[in-house]
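Undergrad: Sequences listed follow chains A and B, in order. When you line the first sequence up against UniProt numbering, it's residues 1 to 524, in that order. When you line the second sequence up against UniProt numbering, it's residues 1 to 524, in that order. Let me give you the structure first, and then I'll get to my questions.
There are 2 protein chains.
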Amino acid sequence: MSAENTPSAAAPVSELELRRVAIDTWRENVAYLHRDCAVYRAEGFQALSKIEVRANGRRILATLNVVDDLSIVGCQELGLSEDAFAQLGVTNGHTVTVSQAEPPESMGALFRKISGERLEREDFHAIVRDIARHRYSKIELTAFVVACNRDELDREEVFFLSDAMVSIGQRLDWHEPRVVDKHCIGGIPGNRTSMLIVPIVAAHGMLCPKTSSRAITSPAGTADTMEVLANVELPLEQLADIVRDHRGCLAWGGTAQLSPADDVLISVERPLSIDSPGQMVASILSKKIAAGSTHLVLDIPIGPTAKVRSMPEAQRLRRLFEYVARRLQLSLDVVITDGRQPVGSGIGPVLEARDVMRILENDPRAPNDLRQKALRLAGRLIECDPDIRGGDGYAIARDILDSGRALARMRDIIAAQGGKDFDHNHPPLGPLSFEVLAPSSGVVAGIDNLQIARIARLAGAPKVQSAGVDLLCKLGDAVTAGEVLYRVYAGYPADLEFARQASDKVSAYRIGTADDLPRVFVEF
Amino acid sequence: MSAENTPSAAAPVSELELRRVAIDTWRENVAYLHRDCAVYRAEGFQALSKIEVRANGRRILATLNVVDDLSIVGCQELGLSEDAFAQLGVTNGHTVTVSQAEPPESMGALFRKISGERLEREDFHAIVRDIARHRYSKIELTAFVVACNRDELDREEVFFLSDAMVSIGQRLDWHEPRVVDKHCIGGIPGNRTSMLIVPIVAAHGMLCPKTSSRAITSPAGTADTMEVLANVELPLEQLADIVRDHRGCLAWGGTAQLSPADDVLISVERPLSIDSPGQMVASILSKKIAAGSTHLVLDIPIGPTAKVRSMPEAQRLRRLFEYVARRLQLSLDVVITDGRQPVGSGIGPVLEARDVMRILENDPRAPNDLRQKALRLAGRLIECDPDIRGGDGYAIARDILDSGRALARMRDIIAAQGGKDFDHNHPPLGPLSFEVLAPSSGVVAGIDNLQIARIARLAGAPKVQSAGVDLLCKLGDAVTAGEVLYRVYAGYPADLEFARQASDKVSAYRIGTADDLPRVFVEF
């Protein structure tokens, strides 16, 4: 059907010498070609084109930058930024071939999702595979995230997405009938129950290999806080050894390659503060399945400034979690909790590590709300043990904590993960600080989770471990005018200034009477 | 309310010496800081942070890359990529200050749109202002485009967006009561009526300062085709002189800074093939208002592979255009036309320029469908002249064309815009080509606009001016097996190969009987 009029239609072979360019472009592969490079001209590349670089049977995609300085890259060379160079994995001076990158295979499925169509299982698999292989540009990645935002995914699509995310990463198998885990959907500053629950249930003998995320939009995730006490970036083999020896661990899922697509998606969701039900369910459940969990207790806090603001909304989210969990064959127990205010006192990695250690040490200064919540959730997990009667879990958890067995187990886990020096009596807090005082006398009638989180993040948390907010009063406390409500710590003057401006602009505390307290009807 | 505990909370002044780094990052401002630079460490920047660079009262935003090579950037220096350096507009070695960039002002409005809220006039103004000032990252830009996709904008929001896009750019005032223009929503390859209509209506004495776009997803826009004949990137003053002298011009809107936000949005819409009704209306009408138009004839082609596929859809789009045009005080005449197949013979800049010049020259080889369509649309525009009776426009337009007055006017405009050598008898076509033959005898019963456009783009159009597709048969033509249906031209072997593979995979032509022809009921 096609009549040839040309001497040769073969694409030119485009060989160049690899050069490592000492520029750190962070997760964005960049290739540098000199403007006078014959390949650049012959192939009709443009700056910002995606090109494919091959060497030794490996291939990577990179965004092209065009260079006019021979000291950065010569005419026979292809430069690669640090990350791209490491990914290609060959030495300086190695021969590489380059070509215009073909668009990712799943582009058609992406375009259909953008125009509002329902996608099938194989579409989600193709998209997630391309994402995990870093074949999507920032633009394509963002388009996928926004097109799946809000209620754009139906519940079966959420299952397809979760399933695809599981299938693309490594999956752990602990060879035990029960592997338990607990997770919170987030949004409540200071809510570090995992660091208490893991040592409690592990001390009870249950297997609890906890992989946590870093903060996405919050001032600290469990991984950020645990990192104050120990190393959280563990190779899988070491993680398995620790879990075998101690029945638990507190590591970071990203390093363990458990859900590689999720980490890429988060790099876009974070700056857009996107956290839709579908993406939340897929992200959480895929990581749990990949980590080998069989039983999960899920904490959904509800309150005026929590992620979930009403009981009907909480119930809708619960049903979506339950539907997808069942399709993934995960046993799920959803607990709807009080999310009217931050949990514990400290917000930020060091401050939260301080609270956790005080609870484990049975220190009288420990925040009781965090202690109680952790005990109740640990109790629910313990009741997954078929030898435990329903309702007995809480008392067992409390006994493990009171007796110091939880502390001992935590110390073992910390040591196994490469413990760092930390003294909860002298936590290494940011050198700069300011205090916010009660403007009038009365009762603390409201604490804004979002505003507290914002102030803590502006102060530098979680990037600056020592930064954050320390809450000296909680809901229902009586205060007198001029009393300290909270103290903000920062590591850098500019951060302190940003935090102060935010704190001055919108008060995170509302002072009223006991009648003004928001009401919630939850289990705990 | 805020008690001070720190000696000084002022942000450190971060002065560095500016260095131009000869890397072309195309529209993405990049700043380079050495990892050992004191400012980098003190400010707690990260690779990919957005930083603000100030000098001489000007400020730009840039994405940070961290460098470990002192030959690229020293410890006291701040490097800027070519575009960023040009934008800041100070000399090498100048002192600059850097700081962490504050998020764009319109972030809150963007987040509200992402979560599905309706935005107000001031929200759109804030967003469009930030976009035009390049304060949005690729992620934020994509999120805005996808969140406004499909029917997410109601008609008043489309007006707000259009109005904001007008207000942010320059706006021309021609000091005449009638400034006419014509525009097509696109999607039909070869549809180059503007290059015929402008000289016809200008020869009639009407003011028609046509600013066109380059191709977004098509093989050629009017600006790309006009660029074969003359310069289209004209400074505003020169454009005004040409229009005063000749009553018309054919220039590129982007260069003229008429709708700076639109160009930035297109950089994201293009790779995602997004072309939603709201964005289409805002993009087209804002550019017309900015160019000073008072009367617009709008061409909406309809057909099985056109952008608009059914009459109800065309009517919905017509009403949206009419609503927004009225709010913008633009007189609008919408014409729904036959979009079942490409218009004219050539697809691609050089081939389309050939067709246009043959029509103007009254050459017998000229494609009659393009000629007829241009005459009818020109007639509609001429009827905006209050001295012309309704229905007389077509005959006037035909007389101007037949008499050679349109050709003379086109030659004047080409010369004024810096004419290039072009001979329509020997158009400089791509040196490589292949032909596609009829697989059987019959009647051409279907030509796929999308597939023809895809093949022409793969062949290199519009980047390679000489590349494209030349259609030798059109709908309704009788063909015999082995007869040439179309010929593909390319400039590079790889392009030819891509085009051939696409052409082999899916046929752009359907051969059947005269009864198989798709039907449309349109004006022309």
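For each residue, glycine too, the CB sits at the ideal point set by N, CA and C.
Check residue 492 of chain B in the structure and name its three-state DSSP category.
TA: Looking at residue 492 of chain B - three-state DSSP - the assignment turns out to be coil, as it is neither helix nor strand.
Undergrad: Using the beta-carbon count (16 or more within 10 Å), is residue 160 of chain A buried or exposed?
TA: Under this definition residue 160 of chain A is a buried residue.
Undergrad: Within 8 angstroms (strictly less), CB to CB, does residue 391 of chain A reach chain B?
TA: No, residue 391 of chain A lies away from the interface with chain B (no Cβ there is under 8 angstroms from its Cβ).
Undergrad: Hey, residue 49 of chain A and residue 64 of chain A: beta-carbon distance below 8 angstroms or not?
TA: Yes, Cβ-Cβ distance for residue 49 of chain A and residue 64 of chain A is below 8 angstroms.
Undergrad: Under 8 angstroms, do residue 406 of chain B and residue 203 of chain B count as touching if we go by C-beta distance?
TA: Going by C-beta atoms, residue 406 of chain B is nearer than 8 angstroms to residue 203 of chain B.
Undergrad: Are residue 264 of chain B and residue 132 of chain B touching if we call contact CB-CB under 8 angstroms?
TA: Yes, these two residues count as a Cβ contact at 8 angstroms.
Undergrad: Pull up the DSSP beta-bridge partners for residue 105 of chain B, would you.
TA: Per DSSP, none; premise fails for residue 105 of chain B.
Undergrad: Distance check for residue 206 of chain A and residue 237 of chain A, CA to CA, integer angstroms please.
TA: Their Cα atoms are separated by approximately 20 angstroms.
Undergrad: Is DSSP giving residue 485 of chain A helix, strand or coil here?
TA: Strand at residue 485 of chain A.
Undergrad: What's the gap between the Cα of residue 395 of chain A and the Cα of residue 273 of chain B?
TA: Using only the alpha carbons, I get a separation of about 59 angstroms.
Undergrad: Please name the residue in A:249, A:33, A:276 and A:184 whose C-alpha comes closest to that of residue 231 of chain A.
TA: It is A:249.
Undergrad: My assumption, with CB atoms under 8 angstroms, is that residue 494 of chain B sits in contact with residue 451 of chain B. Please give the rounded CB distance.
TA: Not a contact, Cβ separation roughly 20 angstroms.
Undergrad: How would you list, in chain order, the residues of chain A whose beta-carbon sits under 7 angstroms from the beta-carbon of residue 116 of chain B?
TA: What residue 116 of chain B touches in chain A: 150.
Undergrad: How is residue 501 of chain B classed by DSSP in three states: helix, strand or coil?
TA: Note: residue 501 of chain B maps to helix in three-state DSSP.
Undergrad: Hey, out of A:199, A:292 and A:113, whose CA is closest to residue 382 of chain A's CA?
TA: Residue 382 of chain A has its Cα closest to that of A:199, out of A:199, A:292 and A:113.
Undergrad: I need the straight-line Cα distance from residue 20 of chain A to residue 60 of chain A, nearest angstrom please.
TA: Cα-Cα distance, rounded: 14 angstroms.
Undergrad: Mind checking residue 528 of chain A: buried by the 16 CB within 10 Å criterion, or exposed?
TA: In the structure as shown, chain A begins at 1 and stops at 524. Residue 528 of chain A is therefore absent and cannot be evaluated.
Undergrad: Closer than 8 angstroms is the cut-off here; do at least three beta carbon pairs connect the stretch 468–477 of chain B with the stretch 435–452 of chain B?
TA: Yes, the stretch 468–477 of chain B touches the stretch 435–452 of chain B.
Undergrad: Is there a Cβ from chain B that is less than 8 angstroms from the Cβ of residue 147 of chain A?
TA: For residue 147 of chain A, the answer is yes, since a Cβ of chain B falls inside 8 angstroms of its Cβ.
Undergrad: Rounding to the nearest angstrom, what Cα-Cα distance links residue 421 of chain B and residue 124 of chain B in this structure?
TA: Cα to Cα, residue 421 of chain B sits roughly 45 angstroms from residue 124 of chain B.
Undergrad: Sort A:98, A:86, A:118 and A:128 by Cα distance to residue 106 of chain A and report the nearest one.
TA: Here the closest residue by C-alpha is A:128.
Undergrad: For residue 156 of chain A, which three-state DSSP category applies?
TA: DSSP places residue 156 of chain A in helix when its eight states are reduced to three.
Undergrad: Give the residues of chain A in contact with residue 138 of chain B, contact being defined as C-beta atoms less than 9 angstroms apart.
TA: In chain order: 137, 138, 139 and 142.
Undergrad: Helix, strand or coil for residue 362 of chain B per DSSP?
TA: Coil.
Undergrad: Confirm, please, whether the CB-CB distance from residue 209 of chain A to residue 239 of chain A is below 8 angstroms.
TA: Yes, Cβ-Cβ distance for residue 239 of chain A and residue 209 of chain A is below 8 angstroms.
Undergrad: Please report how far the alpha carbon of residue 514 of chain A lies from the alpha carbon of residue 476 of chain A, in whole angstroms.
TA: Residue 514 of chain A and residue 476 of chain A: Cα-Cα distance of roughly 6 angstroms.
Undergrad: Whole-angstrom Cβ separation of residue 163 of chain A and residue 118 of chain A, contact assumed at under 8 angstroms?
TA: Contact flag wrong, Cβ pair sits at about 16 angstroms.
Undergrad: Cα separation between residue 416 of chain A and residue 31 of chain B?
TA: Taking the straight line joining both Cα atoms gives about 41 angstroms.
Undergrad: Kindly indicate which residue of B:120, B:425 and B:247 has the alpha-carbon position closest to the one of residue 408 of chain B.
TA: Considering only alpha carbons, the answer is B:247.
Undergrad: Which residues in the same chain have their Cβ closer than 7 angstroms to the Cβ of residue 362 of chain B, if we skip the five residues on either side of it in sequence?
TA: These residues qualify, in order along the chain: 402.
Undergrad: Near residue 158 of chain B, which residues of its chain fall below 6 angstroms by C-beta distance, leaving aside the five closest residues on each side in sequence?
TA: Same-chain partners within the cutoff: 278, 281, 282 and 324.
Undergrad: I'd like to know whether the C-beta of residue 508 of chain A is nearer than 8 angstroms to at least one C-beta of chain B.
TA: It does not; no Cβ of chain B falls within 8 angstroms.
Undergrad: Taking only three categories from DSSP, how would you classify residue 136 of chain A?
TA: Reduced to three states, the DSSP call for residue 136 of chain A is coil.
Undergrad: When burial is assigned at 16 or more other CB atoms within 10 Å of the CB, is residue 380 of chain A buried or exposed?
TA: By the 10 Å Cβ count, residue 380 of chain A comes out buried.
Undergrad: Residue 144 of chain B to residue 270 of chain A, Cα distance in whole Å?
TA: Each residue's Cα considered, the two are about 15 angstroms apart.
Undergrad: Using DSSP with H/G/I as helix, E/B as strand and the rest coil, what is residue 162 of chain A?
TA: Residue 162 of chain A: helix per DSSP, three-state reduction.
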